[in-house]
Amino acid sequence: MTPPEPTLSVVVPMFNEESVLPLLAPRLRGVLDGLGEPYEVVAVDDGSTDATPAVLAGLRRGWPQLRVIRLRRNSGHQAALTAGLFRARGEYVASIDADLQDPPEAIGEMLALARSGGLDIVYGVRRDRSTDSPFKRWTAGLYYRLVRRLVGNSIPDQAGDFRLLSRATVTALRELPEQRPVLRLVVPWLGFPSGEVGYVREERAAGSSKYPLSRMLRLATDSITSFSAAPLRLATWFGAGGVVLCSVLLVIVFVAYLLGHTVAGWPSLYVAILFLGAVQLLCLGLLGEYIGRIYVAVQGRPSYFVGSDTLEEEPVEVVSA
Ligand code: UDP
Ligand code: MG
Numbered sequence: 001m002t003p004p005e006p007t008l009s010v011v012v013p014m015f016n017e018e019s020v021l022p023l024l025a026p027r028l029r030g031v032l033d034g035l036g037e038p039y040e041v042v043a044v045d046d047g048s049t050d051a052t053p054a055v056l057a058g059l060r061r062g063w064p065q066l067r068v069i070r071l072r073r074n075s076g077h078q079a080a081l082t083a084g085l086f087r088a089r090g091e092y093v094a095s096i097d098a099d100l101q102d103p104p105e106a107i108g109e110m111l112a113l114a115r116s117g118g119l120d121i122v123y124g125v126r127r128d129r130s131t132d133s134p135f136k137r138w139t140a141g142l143y144y145r146l147v148r149r150l151v152g153n154s155i156p157d158q159a160g161d162f163r164l165l166s167r168a169t170v171t172a173l174r175e176l177p178e179q180r181p182v183l184r185l186v187v188p189w190l191g192f193p194s195g196e197v198g199y200v201r202e203e204r205a206a207g208s209s210k211y212p213l214s215r216m217l218r219l220a221t222d223s224i225t226s227f228s229a230a231p232l233r234l235a236t237w238f239g240a241g242g243v244v245l246c247s248v249l250l251v252i253v254f255v256a257y258l259l260g261h262t263v264a265g266w267p268s269l270y271v272a273i274l275f276l277g278a279v280q281l282l283c284l285g286l287l288g289e290y291i292g293r294i295y296v297a298v299q300g301r302p303s304y305f306v307g308s309d310t311l312e313e314e315p316v317e318v319v320s321a
């Protein structure tokens, strides 16, 4: 007996989440069973090195709707999310973090809103981030302001990667040639009708954050450089400003020379050299960011490798509860 094609897929990327899975599974299952729709949960194991694969295998024995995709190596949250999204079969595809910071209960609300409003995208919007650290809130606020400025106002404020997409949206995403889309920017950019469901961001249920500052910075630079050449123009402005400033300095130096004050002026010379050096380094850095992106794009390497997908294996023996 083949199970019916799911109308709803829920993609859960996870990396070393052994401690949170026993909390996530019953809660997510309770919500999804309650919806009364054929569904699948696509757990994307992003190359975990702890007991996550074993815990997932155990859960699968009593939960036939759980499908596990294992990536061969740790590829990062965005890549894991993309892997799950592109392999999900549902008419609607939701994505949610494994750590229960986003409430699974909201998925039902998202689905109902998408259907009643004929919407292709429903964003989960964080109404309250008081459980995040002040630093995280501050950097997140900065990120959204910057990104909206560069990409445009179509980016819903405080919307992360907790959202529901229609099949049409997923197809449109797959057709993009981009290998590493920054999903939270590319999704609104597609221009489908969208809605929002508010929720309160909770504390991580267990385990620790897998997003250190370095990864946050990476996401921020990728977000900006994937959507805007504005920083490059900034380099031009810096350059132009530097030229004007140096012309003025040149005149001053020349006048000083005519007046016989040639030794004085060392400080200004020093400042000019330092300033120009800094501007040049900055511009080189900016160029490097874009050249780096071009390099990665030209290589055309996939951003993840699927090691196994339980959908393509022999069905597990299902133990009825
Ligand atoms: N994650 C992943 N691969 C990684 C890092 C994180 O799949 O390389 C998953 C992680 O297991 C979680 C989600 O991405 O389900 C969000 O990560 P986390 O909760 O650590 O980020 P934070 O909420 O602290 O920003
Ligand atoms: Mg989290």
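Residue numbering for the sequence shown follows the UniProt record's numbering, beginning at 1 and increasing consecutively. Virtual Cβ for every residue (Gly too), placed ideally from N, Cα, C. Treat the numbers as computed from the prediction; the structure is a model and nothing was measured.
Check	Outcome
Rounded straight-line distance, which links the Cα of Leu-21 to that of Ala-54	11 Å
Rounded separation between Arg-60 and Asp-99 - CA only	19 Å
Residue range of the alpha helix (DSSP H) that includes Glu-18	Run containing Glu-18: none; DSSP gives neither H nor E here.
Beta carbon of Pro-156 nearer than 8 Å to that of Val-182	no
Cβ-heavy atom distance, Gln-158 to the ligand MG, below 7 Å	no
Residues whose Cβ lies closer than 6 Å to any heavy atom of the ligand MG, in chain order	Asp-97, Asp-99, Gln-101, Arg-204, Ser-209
Contact test: Glu-17 Cβ vs the ligand UDP heavy atom, cutoff 7 Å	yes
With 16 other Cβ atoms within 10 Å as the buried cut-off, status of Phe-135	exposed
Contact the segment 190-199 vs the segment 131-151: 3+ CB pairs below 8 Å	no
Length of the line joining the Cα atoms of Pro-212 and Ser-247	44 Å
Bridge partner(s) assigned by DSSP for Tyr-92	Leu-8, Ser-166
Enclosing alpha helix (DSSP H) for Asp-222 [first to last residue]	213-227
Other residues of its chain near Glu-18: CB distance less than 6 Å, five sequence neighbours each side excluded	Asp-50, Ala-51, Thr-52, Val-55
Terminal residues of the alpha helix (DSSP H) in which Ala-80 lies	77-87
Any beta strand (DSSP E) of 3 or more consecutive residues that is wholly inside the segment 181-206	194-200
Cβ-heavy atom distance, Gly-76 to the ligand UDP, below 7 Å	yes
6 Å Cβ shell around Ser-130 - same chain, five flanking residues per side excluded	none
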